[in-house]
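Notes to accompany the following structure.
Number of protein chains: 2
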Amino acid sequence: MNAHEMMIMFLSLGLLIGFARALGEVARQFGQPALLGEILAGVLLGPTVLGTVAPDMFAGLFPATGPNASFLTGFTNVAIALFLLVAGMEVDLSIVWRQGRATILVGMAGLLFPFAIAFAPAYLWPGLQWRDPAAEPLIFSLFFATSISITSLPFIAKTLMDLGLYRSDMGMIVIAAAIFNDLAGWIIFAVVLGLMQAEHLAGFDIGFTILLTLGFTVGILTVGRWLIHKSLPWLQAHTSWPGGVLSFAMALSLLAAAFTEWIGVHAIFGAFLMGVAIGDSRHLRQSTRTIISEFASFVFAPVFFASIGLQVDFVQSFSLPLVLIVLVIATLGKLPGCYWGARLAGLSRRESWGIGFGMNARGAMQIILGLLALEYNVIGDEMFVALVIMAIITSMASGPAMQRVLHLRTPRHFSDFLTARTFVRAMTAGTAPAAIRELSTPLAAVTGLDCERIAEAVLDREQVMPTGLGNGMAVPHARIRGLSRPAVAVGLSTGGVDFNAPDAQPAHIVLMILIPEPHDGSEVEILADIARTFRNARTREAALGVLTYTEFLALVRSKEPVAP
Amino acid sequence: MNAHEMMIMFLSLGLLIGFARALGEVARQFGQPALLGEILAGVLLGPTVLGTVAPDMFAGLFPATGPNASFLTGFTNVAIALFLLVAGMEVDLSIVWRQGRATILVGMAGLLFPFAIAFAPAYLWPGLQWRDPAAEPLIFSLFFATSISITSLPFIAKTLMDLGLYRSDMGMIVIAAAIFNDLAGWIIFAVVLGLMQAEHLAGFDIGFTILLTLGFTVGILTVGRWLIHKSLPWLQAHTSWPGGVLSFAMALSLLAAAFTEWIGVHAIFGAFLMGVAIGDSRHLRQSTRTIISEFASFVFAPVFFASIGLQVDFVQSFSLPLVLIVLVIATLGKLPGCYWGARLAGLSRRESWGIGFGMNARGAMQIILGLLALEYNVIGDEMFVALVIMAIITSMASGPAMQRVLHLRTPRHFSDFLTARTFVRAMTAGTAPAAIRELSTPLAAVTGLDCERIAEAVLDREQVMPTGLGNGMAVPHARIRGLSRPAVAVGLSTGGVDFNAPDAQPAHIVLMILIPEPHDGSEVEILADIARTFRNARTREAALGVLTYTEFLALVRSKEPVAP
Chain A
1 MNAHEMMIMF LSLGLLIGFA RALGEVARQF GQPALLGEIL AGVLLGPTVL GTVAPDMFAG
61 LFPATGPNAS FLTGFTNVAI ALFLLVAGME VDLSIVWRQG RATILVGMAG LLFPFAIAFA
121 PAYLWPGLQW RDPAAEPLIF SLFFATSISI TSLPFIAKTL MDLGLYRSDM GMIVIAAAIF
181 NDLAGWIIFA VVLGLMQAEH LAGFDIGFTI LLTLGFTVGI LTVGRWLIHK SLPWLQAHTS
241 WPGGVLSFAM ALSLLAAAFT EWIGVHAIFG AFLMGVAIGD SRHLRQSTRT IISEFASFVF
301 APVFFASIGL QVDFVQSFSL PLVLIVLVIA TLGKLPGCYW GARLAGLSRR ESWGIGFGMN
361 ARGAMQIILG LLALEYNVIG DEMFVALVIM AIITSMASGP AMQRVLHLRT PRHFSDFLTA
421 RTFVRAMTAG TAPAAIRELS TPLAAVTGLD CERIAEAVLD REQVMPTGLG NGMAVPHARI
481 RGLSRPAVAV GLSTGGVDFN APDAQPAHIV LMILIPEPHD GSEVEILADI ARTFRNARTR
541 EAALGVLTYT EFLALVRSKE PVAP
Chain B
565 MNAHEMMIMF LSLGLLIGFA RALGEVARQF GQPALLGEIL AGVLLGPTVL GTVAPDMFAG
625 LFPATGPNAS FLTGFTNVAI ALFLLVAGME VDLSIVWRQG RATILVGMAG LLFPFAIAFA
685 PAYLWPGLQW RDPAAEPLIF SLFFATSISI TSLPFIAKTL MDLGLYRSDM GMIVIAAAIF
745 NDLAGWIIFA VVLGLMQAEH LAGFDIGFTI LLTLGFTVGI LTVGRWLIHK SLPWLQAHTS
805 WPGGVLSFAM ALSLLAAAFT EWIGVHAIFG AFLMGVAIGD SRHLRQSTRT IISEFASFVF
865 APVFFASIGL QVDFVQSFSL PLVLIVLVIA TLGKLPGCYW GARLAGLSRR ESWGIGFGMN
925 ARGAMQIILG LLALEYNVIG DEMFVALVIM AIITSMASGP AMQRVLHLRT PRHFSDFLTA
985 RTFVRAMTAG TAPAAIRELS TPLAAVTGLD CERIAEAVLD REQVMPTGLG NGMAVPHARI
1045 RGLSRPAVAV GLSTGGVDFN APDAQPAHIV LMILIPEPHD GSEVEILADI ARTFRNARTR
1105 EAALGVLTYT EFLALVRSKE PVAP
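Quick mapping for you: the protein sequence lines, in order, are chains A and B.
Numbering follows the working numbering, in which position 117 of the first sequence is assigned residue number 117; successive positions increment by one, without gaps.
Numbering follows the working numbering, in which position 126 of the second sequence is assigned residue number 690; successive positions increment by one, without gaps.
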């Protein structure tokens, strides 16, 4: 690499991370998964937008060949492997064992049904313009059916994590079935590759690849897992802490990735399995998990998801009929297949639909398979774009759909109901009634209710039982009819206000909470969240030192005071 | 990248991280900096050992050209930039300002003196076989003098961190002077490149490069720093925590790296400066620092340091006379230059020698400059190897030399004096005297002293004042004449032993400590370390649950219990 290529490397990587994370955060603000924003960043920086608006700049930033292209391909592959390491570390094997029957049923039904649904029209309906004219119908149909049938492990892992469902029973069934799916998919794909007479890395025949894959899986999950469990305390006792364990985990998963890539199953599979083995040890400390997982989720994964959008021009090669056909076939096969599998395993209707929507997420595999198929002239650009869009839509849909069928509620934090206008940096009131009146004014402004009515309601509640919590905190609150959602005001008082706390200390942090009546359980949630947030004396002290509403929010979210 | 190249990428990266970290830990065990082991790993995996023993395997793992070579070059450059980001984040600007005069004097003297010492013989003594015959004497001499004069920022940063000196006044003088040095070095090098009529990235003339560099430095450290300080609370309040800040920092430093690479100063400089600006904000939370710094120090930095050894065959191109000449010239110029600079600034003799040895560390710059000089036929392989070995030796020497002249002592932990033999998993004793006798036996075995004498001494001390600390802990101890170093025994007791604690609770964790007489201050250090380690109730509870000595050590070092 010369100096120019080096500069382009830093620039393109910096832009990818920056854009992906920025749009990811925007997506989150609109209640969408961060994933959507991260892929969109790639579409913006890729051929679709930047490549059309400023083709020279795009070609300069993301050259199609040469050292920069190799670097970026390599880096995105390392990135996705490390994200899968983290996804593996989060797997709870005890749930997987317990749900073994459901896993196998969902995995089988979720593979065979969509495979059949996709294979039939692809093979019997060759008139349709969706394959490369030069491609063998059988090979095309096998490829198409395989790529339709495989659930995306990284996509569904991220969605389940975003929903807080990852470590639930249902989350683990979806993950285990997706692994099963993935494995079977790679094995079928190895057969297809063999039919295409394409290069096959280690030159094994299919049977041997299958044998090696199963052997590796079993080996890692038994002997490997045991060895890692035994090694961790030694590493923690005798090497740098926590860096020793960190580099051990990284090196192991990269080597496992190399091994599965070598036997003809994709690298992410090895990294994922190694993650399962490492994460299963109860000796693995939380701080090690945090370091790996934050880095993988917020630096590596966004680069990978953004890189998807860099591959093709999504407008140029967009064919609406083809996208719709692929989307319908994909969903019609997967959703009922997994639903029936889950029902057979005895799960409830609601859970079964949840599993169906979860398994319907496609992604990385489709894109990797699609790229290979493009290369071997099995499909054209339009089909590739249709597969990618299908992957994105099914993945995007799976989160909200699961949320809806499962009646999931995201946990509520008191800060969700706080605004800059209801934050009073320095209260002037010296008594509890005066403090309640002082905080009623901004609450009246944001809720549109009458100020006096709010104050009366809270004062009445205060009469029944004082709301001083002790440790310098008070939480005056009341239920108010006609309120559509909770509202919270924060008042800080240097002098302190007496709220009749058990420890007789004046309150310096006053959180006034209005709850809708009839109430929806938010009262308990919000009070518990307040207690959790201010449990630590350092946080309480730091709260009194904040200068702005933003600093207060930053403190509440990080629960860590700024440096002295 | 095809599947084979992908496999090689994962394999080579996994081996580099694994070997570098393993040998780094071995080096630490022998009291050497981890750096040494990390570079050695590269020598083992590189042309020197693997390339000689198994040339085909070496060529397969680390191909000299093609996608894998591009990936590895790119990855190591990203790695070193991110390590410099962390080094920058640790800089304490207030110390740099306070020590401004010393910084400038040390920086100037530490640049001009070695430059002159190196330039003269290189220019006047052309008969020596140390330059490429085709090279222009002036260009060669300028290159040689530049590469001799520049202190290595990454190497000295890592050494100072290892010694715990990084954030001291002296550490900051060394770092600031090294930055000054580095900057001046890049500017001189830009001149040399201009003389060589080599490509120059943005096509600026030298004056403009200097202007841009100074402008960028000042801009980042004033406006940039202020903007970052203002943005951090907002990011913490409104984006994912702590991932939002993490990706913000990563994206900014990669973009800064791209910018400095573009203006003709190396990428690491931009990443370092951005790190300074980010790290200076008191809004940056400790947990964000920890995630970035652990990942950079234990995943990225080892890959870079190991990659140095991959460049050349250190045996084949080794010329002892040349290595000695380069080493003598390098040290004779730098050491006195920096010493005099520091003395002029009013520092003590001892501190001045410490600064001299610190500034004597060379490294990354020499290697980067050397690679460019090789490419432009200014030097041959032997000179390159001599420069690299000089860099390694001066860097290796700087840590121990600083430790010696500054009379540094590494902090002592009680676990340093504990052995598997003095760890008693389940004490049988029910009273304090019995417990003391029970722990005296293993202590007698490891110290070679008389068991009865130990027990008597500790019991006598116990009579003067009971050593029950409360919270289920006791620390019986005594000073023993004839002991060469402290010795510690740990006894765990489920039933508890009464050590007359202030809270009247029986002790479940008994740490018995023997201190040499005449004593050396280790008593206070060890007792303070014990108090710090077991401050947390969760740690104390977890200690009672450990099954082996290794698990106990792992707990004490991580201060984090295993998962339930």
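C-beta: ideal position from N, C-alpha, C; glycine also.
Residue burial classification, residue i (beta-carbon count within 10 angstroms, cutoff 16)
i: glutamine 875/B; result: buried
i: alanine 267/A; result: buried
i: threonine 222/A; result: exposed
i: phenylalanine 574/B; result: buried
i: tryptophan 97/A; result: exposed
i: valine 208/A; result: Note that residue 208/A corresponds to phenylalanine in the displayed sequence, not to valine. It counts as exposed.
i: glutamate 763/B; result: Low local confidence applies: a pLDDT of 48 at glutamate 763/B is under 50, so the model's placement there is unreliable, with the coordinate-based value given in what follows. Looking at its Cβ environment, which holds fewer than 16 other Cβ atoms inside 10 Å, glutamate 763/B is exposed.
i: aspartate 56/A; result: exposed
i: aspartate 844/B; result: buried
i: glutamine 29/A; result: exposed
i: proline 502/A; result: exposed
i: proline 486/A; result: buried
i: asparagine 745/B; result: buried
C-beta neighbour in chain B for residue i, strict 8 Å
i: leucine 23/A; result: no
i: alanine 397/A; result: no
i: leucine 201/A; result: In this prediction, leucine 201/A has a pLDDT of 46, which is less than 50 and means its spatial position is unreliable; what the coordinates show is noted afterwards. Yes, because at least one Cβ of chain B sits closer than 8 Å to the Cβ of leucine 201/A.
i: methionine 9/A; result: yes
i: alanine 81/A; result: yes
Residue-level contact to chain A via CB, residue i, 8 Å cutoff
i: isoleucine 531/B; result: In the structure as shown, chain B starts at 565 and stops at 1128, and residue 531/B therefore has no counterpart that could be examined.
i: serine 1107/B; result: Looking at the sequence provided, one finds alanine at residue 1107/B rather than serine. With 8 Å as the cut-off, alanine 1107/B does not count as an interface residue toward chain A.
i: methionine 653/B; result: no
i: serine 658/B; result: no
i: alanine 937/B; result: no
i: serine 851/B; result: yes
i: glycine 595/B; result: no
i: glycine 807/B; result: yes
i: glycine 582/B; result: yes
i: methionine 570/B; result: yes
i: leucine 810/B; result: yes
Own chain, CB closer than 7 Å to residue i, minus 5 neighbours either side, in chain order
i: threonine 958/B; result: Ala894, Thr895, Asn924, Ala925, Arg926
i: cysteine 902/B; result: Val670, Ala673, Gly674, Ile919, Gly920, Met923
i: glutamate 858/B; result: none
i: proline 885/B; result: none
Residues near residue i by beta carbon distance below 6 Å, same chain, minus five either side
i: proline 516/A; result: Leu483
i: arginine 1025/B; result: Ala1042
Close-in-space but distant-in-sequence residues of the same chain around residue i (CB under 8 Å, 5 per side omitted)
i: glutamate 351/A; result: Met170, Ala342, Leu406
| said: If we require 4 or more residues per run, which alpha helix (DSSP H) segments fall completely within the region 74 to 155 of chain A? | reply: 93 to 98, 100 to 124, 137 to 149
| request: Kindly provide the ranges of any alpha helix (DSSP H) runs that are 4 or more residues long and lie completely inside the region 453 to 536 of chain A, ordered along the chain. | output: 522 to 533
| task | Select from the region 604 to 637 of chain B all residues with a C-beta closer than 9 Å to any C-beta belonging to chain A, and list them in chain order. | result | Gly630, Pro631, Asn632, Ala633, Ser634, Phe635, Leu636, Thr637
| Quick one: complete alpha helix (DSSP H) runs, 4+ long, within the region 308 to 375 of chain A? | 320 to 344, 349 to 359, 364 to 375
| request: Compile a chain-ordered list of the residues in the region 160 to 194 of chain A whose CB is closer than 7 Å to at least one CB of chain B. | output: none
| said: What are the residues in the region 290 to 308 of chain A lying within 9 Å of chain B by C-beta distance? | reply: Thr290, Ile291, Ile292, Glu294, Phe295, Ser297, Phe298, Val299, Pro302
| If contact means a Cβ-Cβ distance below 7 Å, which residues of the region 258 to 272 of chain A contact chain B? | Ala258, Glu261, Trp262, Ala267
| request: May I ask you to list, following chain order, the residues of the region 770 to 787 of chain B that have a beta carbon less than 8 Å from some beta carbon of chain A? | output: none
| request: May I ask you to list, following chain order, the residues of the region 224 to 239 of chain A that have a beta carbon less than 9 Å from some beta carbon of chain B? | output: Leu232, Pro233, Trp234, Leu235, Gln236, Ala237, His238, Thr239
| query | According to a CB-to-CB cut-off of less than 9 Å, which residues of the region 983 to 1010 of chain B neighbour chain A? | reply | none
| request: Scan the region 549 to 564 of chain A for residues whose Cβ lies nearer than 7 Å to a Cβ of chain B and list them as they occur along the chain. | output: Thr550, Glu551, Leu553, Ala554, Arg557, Ser558, Glu560, Val562, Ala563
| query | What runs of the alpha helix (DSSP H), each 4 residues or longer, lie entirely inside the region 832 to 859 of chain B? | reply | 850 to 859
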